[in-house]
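Chains as they are written, first to last, in the numbering used here: chain P, 138 to 253; chain F, 138 to 253. We put the beta carbon where it would ideally sit given N, CA and C, even for glycine. Values in this document were obtained by computation on a predicted structure and should not be read as measured data.
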DNA sequence: CTTACGGATTGACATCCATCGATTGGTCGA
DNA sequence: TCGACCAATCGATGGATGTCAATCCGTAAG
């Protein structure tokens with residue numbers, strides 16, 4: 138087999154949040170719930186900084202997040218999981234390491250849902 | 138005096154969230170905290186639906202939110218306060234009623250902070 | 001095989017938060 | 001002045017959540 142392990146998509150929700158726009162018409166209860174979930178994933182200082190670090194470097198290993206974020210390894214793992222489940226981050230396991238990268242489309246969806 | 142009470146701006150933060158963009162460079166700790174605060178105000182199904190209802194009607198009285206949101210009066214009051222403190226909603230007290238309207242600029246700031 | 005290392009999971013703990021009943025404060029109509 | 005109505009505040013409560021130590025699981029190196 139090749140050197141790199143097969144791509145392991147860690148928590149990739151295929152449900153596109155193609156719901157109504159907040160400023161257009163009243164949101165349905167389910168749409169509001171889904172959008173709130175993704176916004177909840179974003180509403181944390183550590184996760185926002187994590188995202189910005191990954192975005193600035195295109196690809197980042199989990200082990201390289203512990204230091205700049207000044208958080209323990211389980212805490213980093215917890216936050217990456219939350220962001221991945223929200224579809225904002227995608228992780229690829231290569232050997233012992235997991236490399237994370239941003240999902241720009243997901244962020245664009247959130248921006249669109251937030252207004253015109 | 139006139140018929141309408143003097144404009145009472147209820148919780149209007151003048152601090153512009155002109156911080157870095159998430160996808161551009163690593164966020165500072167303070168910028169991340171401030172942005173997370175506003176996103177936290179948005180990360181609730183009831184508040185998202187509240188926002189969308191106000192946006193759809195340009196101006197809404199608090200008493201007209203209780204029914205469509207199916208929440209008690211103290212709960213509605215709580216949520217409008219949170220949104221107002223985040224700068225997303227502006228309230229004007231006229232007589233016994235409080236009329237709420239959206240602050241589109243604030244929402245635009247959030248969208249911009251969330252990506253290019 | 002054994003060791004070392006990166007990462008996920010579990011459990012515990014403290015804190016925050018959404019919700020509502022009860023109360024209080026204003027404002028208008030009778 | 002009194003009673004009705006709208007809204008804010010207070011206090012309590014149940015649930016969600018960020019954090020870390022301890023542990024477990026895979027993988028690569030020796």
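Item	Value
Per-residue contacts from residue 166/P into chain F (C-beta, under 9 Å)	182 and 186
Under the three-state DSSP convention, the category residue 229/P falls into	strand
Paired residues, beta bridge with residue 171/P - DSSP	In the DSSP output, where bridge partners are listed per residue, residue 171/P has none listed.
Cβ of residue 214/P within 8 Å of any chain F Cβ	no
Beta carbon proximity, residue 252/P to chain F, threshold 8 Å	yes
Beta-carbon neighbours of residue 159/P, restricted to chain F and to distances below 8 Å	185, 188, 189, 192 and 244
Outcome for residue 165/P when other beta-carbon atoms lying within 10 angstroms are tallied against a minimum of 16	exposed
Interface residues of the stretch 218-240 of chain F facing chain P [CB-CB below 8 Å]	239
Same chain only: Cβ atoms within 7 Å of residue 208/P, ignoring 5 sequence neighbours per side	183
Contact list for residue 169/P against chain F, beta-carbon separation under 7 Å	182, 185 and 186
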